[in-house]
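Reading through the C-alpha cells given below for one structure.
6 protein chains.
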Amino acid sequence: MRTWICPGSFDPVTSGHLDIIKRAAGMCDKLIVAVGVNYKKKPFFSAEERKSMLEKATEDISNLEIVIFSGLLIDYAREKHAVAIVKGLRAVSDFEYELQMALLNKRLDESIETIFLMTNINYSFLSSRAVRELAANSGSIEGLVPDEVLEDIKRKFGKGGK
Amino acid sequence: MRTWICPGSFDPVTSGHLDIIKRAAGMCDKLIVAVGVNYKKKPFFSAEERKSMLEKATEDISNLEIVIFSGLLIDYAREKHAVAIVKGLRAVSDFEYELQMALLNKRLDESIETIFLMTNINYSFLSSRAVRELAANSGSIEGLVPDEVLEDIKRKFGKGGK
Amino acid sequence: MRTWICPGSFDPVTSGHLDIIKRAAGMCDKLIVAVGVNYKKKPFFSAEERKSMLEKATEDISNLEIVIFSGLLIDYAREKHAVAIVKGLRAVSDFEYELQMALLNKRLDESIETIFLMTNINYSFLSSRAVRELAANSGSIEGLVPDEVLEDIKRKFGKGGK
Amino acid sequence: MRTWICPGSFDPVTSGHLDIIKRAAGMCDKLIVAVGVNYKKKPFFSAEERKSMLEKATEDISNLEIVIFSGLLIDYAREKHAVAIVKGLRAVSDFEYELQMALLNKRLDESIETIFLMTNINYSFLSSRAVRELAANSGSIEGLVPDEVLEDIKRKFGKGGK
Amino acid sequence: MRTWICPGSFDPVTSGHLDIIKRAAGMCDKLIVAVGVNYKKKPFFSAEERKSMLEKATEDISNLEIVIFSGLLIDYAREKHAVAIVKGLRAVSDFEYELQMALLNKRLDESIETIFLMTNINYSFLSSRAVRELAANSGSIEGLVPDEVLEDIKRKFGKGGK
Amino acid sequence: MRTWICPGSFDPVTSGHLDIIKRAAGMCDKLIVAVGVNYKKKPFFSAEERKSMLEKATEDISNLEIVIFSGLLIDYAREKHAVAIVKGLRAVSDFEYELQMALLNKRLDESIETIFLMTNINYSFLSSRAVRELAANSGSIEGLVPDEVLEDIKRKFGKGGK
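Chains as they are written, first to last, in my numbering: chain A, 1 to 162; chain B, 1001 to 1162; chain C, 2001 to 2162; chain D, 3001 to 3162; chain E, 4001 to 4162; chain F, 5001 to 5162.
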C-alpha cells in the first residue's frame, strides 16, 4: 500500500490546500494529512480546530486520515509507513524553502521521497496568512476557503479573533 | 481624474521611496501616499511621525495627498476612487511577494490595477530596515533618506531609540 | 497627453498580450503597440502579419496605434513622445530580464519610465512560443489567442507552417 | 494501474536522470521514459542512440518502458493512459520553466497531473549539456553518466563527435 | 597582509560554516571569524558559547582569529583592517539578501570588498536553524555539525534547551 | 603566489568587466584574464580583437596577464597554477548558472575555488550583448565600455559590423 503524507499548518485550510489534498489522494492508496504543532509558532486556530476544519472539508474523500503531529516530520512519516511526503508549490520562495527541507529530509531518511505538485493556478496567490488578513479586516474569503469551513472562520474572527 | 495610490509602511521614508513617489506623481493626476497601520507589526516610528516625515520630504510635489490607513488596502483604494496601486520593485523577493499581493488584490477588485516601477539603481540595496540598522549603530544615513528628515531620524535614535 | 508604448514581438499576439494591452490602454491617453523587427531573430509571422493580427484583435480599443519599429526602443519611444514603456510580467525570469532592460533604458533616457503590469493569472503560463508549439502539433489554441486571429494562425500552420 | 511518464531529451542520459527514473519507477506501477524528438532542436545523439543508452542503463528496472515520441507530450501521455508526468527539478530556472509547462499541460488536460521530484544533491549541477562539454574537451565524465553508457559516449566524441 | 573577515551568528556553527571557514582561511593571510551580537535577535546559544564552539571546531587552522562583535560589520571590518568580507552562498534567497548587504556595505566603505564562496554541495540544505530543530526533536545532527561540538549542542538541548 | 583566473568571452569588454578585473587584481598576487574560445558560439569580435581591447583597457594594472584559451576552464586553471576562478555576479539568472558551473568545477578539481564578486551597482544592467545591441543601432555606449576601446567598437560596427 502506497501511503503518502501531506504536512502543513493549515491555519486555516484554504481552497489551495484542498485542491492539493484531493489531487494527492487520487494518486496514492492512502493520504495522511498531518497538522503540524510547532512549539515555537503560535497558530491562530488550535490544532483541534484546524483538524476539525480539514475533516469537514474532506468528508467526501475516502482514503484520507487527518492527524495532529509534533516533532520531526520524517520520524512521523516513518512511523506511519509513508513512502512519500507531498507538498504543493506556488512560487520561487516556496521552492527554495521546500528544496532545503526535501534535501534535509532525504538525508535523514533516504527511503522517503518528497513529491511536489503545482498549486492550481487559481490559488497561486493564496495562503493561510492572506485568508487571516482578509477575515480580520472583514474582507470576503468566499471561494478562498472550502465552503464547509467558511462559517467557522468567520465566527472565530467575529469573536474578537484578531 | 486618474488617482493612483502608493501604500507602504515608510518606517522611515527612504530616498528610494521618495524616488518612486516623485516618478509616480508625474504619471498620474493625483497620488495618494498611504501610510499603513498594521495591528500586528509594531513600527519604529508612529504613524503620525511617518506621515509627518513624508510631508516634509514631498513639500514640492503638488498633486500629492498623504494619509494614514488601516484595514484592507483594496477597500481603502476603492473608497478613494484610486484606479491603480503603485509599488516600487527592487529584487526577486520583492517581486514574489508583490506578485501575490497584486493577484490577491485583483481578485478582490478587478477594476483596480497594480502598477510596478523599478527602484532607482542607486537605491536598489536600500530599505527602511537598513536605515534603522545604520541609525541605531551610529552609521551614516546621509543620502539614504531625504535631507528633510535626516535630523528627525537621528533625534529619534539619539533618544535611546533602539 | 500621456502616451505609453507597449513593445513586443507578438509572434503571434496571445490572449495574455491582449489583456495587458487593454489594461494599459485604459490607464493612459494613447497606447502605441510597437511590433519589433529584430534583424537577428527570424520571426515565424512577418511583421506585417503580426501587425495585422494585432489590429484585428484590438478593433474595439480606440486610443491605440499599432506600429512596426526597428532599432532601439528608447529612440523610437522618444520620437513618438511616449512618457512610459509598459510591459507585462509573468515570472521571475521575465522579471530579471525586464529589470535589466528597464535599467538600461533609464540610463539611455532618464525621462522615460518603464511600467510593469502583472500578467492575468489565467495567462501566466502563456507565451507566443507555447502557442506556436501547440499550433505546430495540432494542439488546441482556442482561448489562448484572441478569437479574431484564431483562423489566421491555424491557416499559417496548416500551410506547412512549421 | 498507475502509469507515470517521464519525458526528456536525454542527450545523453546522465546519472541525475537515472536517479530520477529509479525513484519514479519505485512510486508507480509502470514508468514510461519518453525520449522526445523535437523537429526544431538538433540533438547530439540520435533518438535511437538515446533510447538505446537508456535501455542499457535501466536494465535492472522491471516496470519500465522506454519509447521515442514526437508531438505534444500531453497527447502522448493521454494515449498511453498515463495519470502523471514526472520531472526532476534542479534549480530556480528549471522551476520557472517547468511551472509554465505544468500549467499549460494542466490546461490542455486537467486529468493528467505533473509531479516533481528533487534532483539528488550530488547531481544538482549536472546536465546533458555539461556532459557533452566535458566529453568534447576530453574531461572525465565518470560518475556523471551511468557506467553502462560511458563507452558509448566516449566513442561518439572520439569519432570527431564535436 | 590580506585580512578577510567572515561574519555570522553561528548559532551554532555547522559543518557548512566550517567548510567555508577552512576554504576562506586558505585564500587569505588572516581570517577573522566574527560572531555577531544583535540586540534584536535573541540567539539560542550565548555569544561566548558560540565563540567557544567555533574555537573547538577550528583548532587546526592557524591563521584564524575568532571574535565577538556588535554594531555595524563594516565599522568592525575597518577597525580590524580587513580588506574583504567573505560569505558562503547557498540558494537564491541567500543571494538576494547578501546582494543587498554587499551593495550597502560597498556604499558605506568602497575600499572593503565582499567575496562569496559557494557552499559545499553536501551542506547546501544545512542551516543553524535546521540543526536546532533537529536537536530539539532528538533528531540526529551527526555530520551536520563539527564533531568537536556535537556533545556541547546535545547537552544544551538535553537541559530543557527548547 | 596566489594566482586567480577571471574567465569570460569579453565580446567586447564592458565597464562592468573592467571593474571586476580591477577589484580582483587588487585581491590576489596575479590575475589571469582568460578570453574563452568556444567552438560552438561565434563571437562578434575575434579572440585577438577581444584580447587586444582588454590589453588597452587594463594597461595600468601591473599584476595582470591576458590570455586566449579553449577547452575546459578547469584544465587551463590547473595548468596556470591558479588557486581560484573569479567571476562577477549580477542577477539571479547569473547566479543560477554560475552556481552550476562552480559546483561542476569543484567536482572536477576540488583544490580550485570559485570566488564571486558583486558587480558594481552602476553596471548591474550591463552586458556585452547590450553593448553590441546599442552599437549596432547607433546608440551611445560611452561610459558602458572602457574609454580606451570606445573607438575600436564603433569602428567595427561602422564597417557594416552588424
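All residues carry an ideal CB built from backbone N, CA and C; glycine is no exception. None of these values were measured; they are calculated from a predicted model.
According to DSSP, residues forming a beta bridge with residue 2006 of chain C: Looking at the DSSP output, residue 2006 of chain C shares a beta bridge with C:2033.
In chain order, each beta strand (DSSP E) run of at least 3 residues that lies wholly inside the segment 66-144 of chain A: 84-89 and 113-118, all fully within the segment 66-144 of chain A.
Contact with chain E by residue 1126 of chain B, beta-carbon distance below 9 Å: For residue 1126 of chain B, the closest Cβ of chain E is nearer than 9 Å.
Residue 2157 of chain C to residue 2136 of chain C span [Cα, whole Å]: The straight-line gap from Cα to Cα measures roughly 6 Å.
Selected residue, minimal CA-CA separation from residue 5039 of chain F, among F:5056, F:5080, F:5033 and F:5069: If we check each option's Cα against that of residue 5039 of chain F, F:5069 comes out closest.
Beta-carbon neighbours of residue 3092 of chain D, restricted to chain E and to distances below 7 Å: The CB of residue 3092 of chain D comes closer than 7 Å to the CB of 4092 in chain E, given here in chain order.
Neighbour list for residue 3096 of chain D in chain C, Cβ cutoff strictly below 8 Å: Taking the beta carbon of residue 3096 of chain D as reference, the chain C residues within 8 Å of it are 2091, 2092 and 2093, listed in sequence order.
Rounded Cβ spacing between residue 3009 of chain D and residue 3036 of chain D (contact assumed at less than 8 Å): Approximately 5 Å separates the beta-carbon atoms of residue 3009 of chain D and residue 3036 of chain D; this is inside 8 Å, confirming the contact.
Any chain C beta carbon closer than 9 Å to residue 112 of chain A: Taking Cβ atoms only, chain C never reaches closer than 9 Å to residue 112 of chain A, which makes this a no.
Where the segment 9-38 of chain A meets chain D: residues whose CB sits under 7 Å from a CB there: Of all residues in the segment 9-38 of chain A, those with a C-beta nearer than 7 Å to a C-beta of chain D are 23 and 27, reading in chain order.
Burial state of residue 4050 of chain E, where buried means 16 or more other Cβ atoms lie within 10 Å: Buried, since its Cβ has 16 or more Cβ neighbours within 10 Å.
Residue-chain proximity (residue 4160 of chain E, chain F), Cβ-Cβ < 9 Å: Note on residue 4160 of chain E: pLDDT 48, under 50, position unreliable in the model; no value is reported.
Contact set for residue 1072 of chain B: own chain, Cβ-Cβ below 8 Å, skip 5 residues either direction: Here the set comprises 1108.
Between the CA atoms of residue 115 of chain A and residue 4020 of chain E - distance to the nearest angstrom: When only Cα atoms are considered, residue 4020 of chain E and residue 115 of chain A end up about 31 Å apart.
Span separating the alpha-carbon of residue 3123 of chain D from that of residue 5122 of chain F: In this structure, the straight-line span from the alpha carbon of residue 3123 of chain D to that of residue 5122 of chain F is close to 36 Å.
Inter-residue Cα distance where the pair is residue 2078 of chain C and residue 2112 of chain C: Taking the straight line joining both Cα atoms gives about 8 Å.
C-alpha distance - residue 5085 of chain F paired with residue 4024 of chain E, whole-angstrom precision: The straight-line gap separating the alpha-carbon atoms of residue 5085 of chain F and residue 4024 of chain E is approximately 14 Å.
Rounded distance between the beta-carbons of residue 3007 of chain D and residue 3045 of chain D, thought under 8 Å: About 16 Å; that fails the 8 Å criterion.
Rounded distance between the beta-carbons of residue 5082 of chain F and residue 5005 of chain F, thought under 8 Å: At roughly 4 Å, the Cβ-Cβ gap stays under 8 Å, so residue 5005 of chain F and residue 5082 of chain F are in contact.
Option in D:3140, D:3026 and D:3145 with minimal Cα separation from residue 3062 of chain D: If we check each option's Cα against that of residue 3062 of chain D, D:3026 comes out closest.
Chain F contact for residue 3057 of chain D (CB, 9 Å cutoff): So no, residue 3057 of chain D is outside the interface.
CB-CB length for residue 2118 of chain C against residue 1099 of chain B, believed under 8 Å: Contact flag correct, Cβ pair sits at about 6 Å.
Check whether residue 1018 of chain B and residue 1064 of chain B have beta carbons under 9 Å apart: Using a Cβ distance threshold of 9 Å, residue 1018 of chain B and residue 1064 of chain B do not count as a contacting pair.
Through-space distance from residue 29 of chain A to residue 66 of chain A, alpha-carbon basis: Straight-line Cα distance between these residues: approximately 15 Å.
Cβ neighbours of residue 4022 of chain E in the same chain (closer than 7 Å, five flanking residues each side left out): Taken in chain order, the residues that qualify are 4061.
Pairwise C-alpha distance: residue 2093 of chain C and residue 3142 of chain D: Between the C-alpha atoms of residue 3142 of chain D and residue 2093 of chain C there is a straight-line separation of about 33 Å.
Distance between residue 2043 of chain C and residue 2161 of chain C (C-alpha atoms, nearest Å): Reliability of the predicted coordinates at residue 2161 of chain C is poor, the pLDDT of 43 falling under 50, and the value obtained from them is presented with this limitation in mind. Taking the Cα positions, residue 2161 of chain C is about 12 Å away from residue 2043 of chain C.
Residues that DSSP places opposite residue 212 of chain A in a beta bridge: It is not possible to answer for residue 212 of chain A, since the shown part of chain A is limited to 1 through 162.
Within 9 Å, strictly: CB atoms of residue 2080 of chain C and residue 2003 of chain C: Yes, the Cβ-Cβ distance between residue 2080 of chain C and residue 2003 of chain C is below 9 Å.
Buried or exposed by the 16-neighbour rule on C-beta atoms within 10 Å, applied to residue 3096 of chain D: Flag for residue 3096 of chain D reads buried.
Residue 4148 of chain E and residue 4053 of chain E closer than 9 Å at C-beta: A contact, by the Cβ cut-off of 9 Å.
Alpha helix (DSSP H) segment containing residue 2152 of chain C, residue limits: 2150-2158 is the span of the alpha helix (DSSP H), which, as asked, contains residue 2152 of chain C.
First and last residue of the uninterrupted alpha helix (DSSP H) at residue 5053 of chain F: From DSSP, the alpha helix (DSSP H) with residue 5053 of chain F extends over 5047-5057.
Cutoff 9 Å: residue 2121 of chain C Cβ touching any chain A Cβ: With a threshold of 9 Å between beta carbons, residue 2121 of chain C makes contact with chain A.
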